[in-house]
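Data block below; observations after.
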Amino acid sequence: MALQGSKLVWYNGELVKSVESLHEQRDEMNRQMSQEKEVQEQIQKELSILASKLEEVNGRLGRQTRLREECAKLIQVAEGAYGKILDSSQTLLHDLRRDTARLAMHSNDQESEVEPAKKRHCSVSTRGLINRKLWASGRIGQDMVEEEAARAGVPVDAMFT
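Here my numbering is used: the first residue of the sequence shown is 1009, the next is one more, and so on.
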């Protein structure tokens, strides 16, 4: 029986060692799991912060997109209005030139009654063509046209007809 007792003591010692080893493994696993939970919590916090930042960026992008669309609409409206203004200006200029030409014709009829010494070397229509070309090229300014009109004794508008 002594042999059985010594075997029992040996088995008991081995069993205690195995249980202690299992306790150590469990404690090590608990430490590792605790560390992993800390990492998990840190990542969750960072993820929450990033999700919040993403939401803010998406909000700003949405507002900027709406503003850009409004800006594009305003540009389209302004360009349309500007086109209409250009068309109106062109029509007005055409009508003004036509009426000025008509007045110049009446003025030419009356000019024939004026002394020949006061007449200029070229006709009103030739002078108008020259002045239009000089004005368009930027070689003459408003003041030069007004001076020429005063010397010719005609309205400024007649200088361009």
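C-beta: ideal position from N, C-alpha, C; glycine also.
Quick caveat, the model's predicted, so the values are computed rather than measured.
- In the three-state reduction of the DSSP assignment, Gly1161 falls in the coil class.
- Under a 10 Å Cβ-count criterion, Val1017 is classified as exposed, with fewer than 16 other Cβ atoms of the shown protein chains found around its own Cβ.
- About 7 Å separates the beta carbon of Ser1115 from that of Val1162, a gap short enough to meet the 8 Å contact definition.
- Under the 10 Å beta carbon count, Thr1108 is surrounded by 16 or more other beta carbons and is classified as buried.
- Setting aside the 5 residues that flank it on each side, Val1027 has no residue in the same chain whose C-beta is closer than 7 Å to its C-beta.
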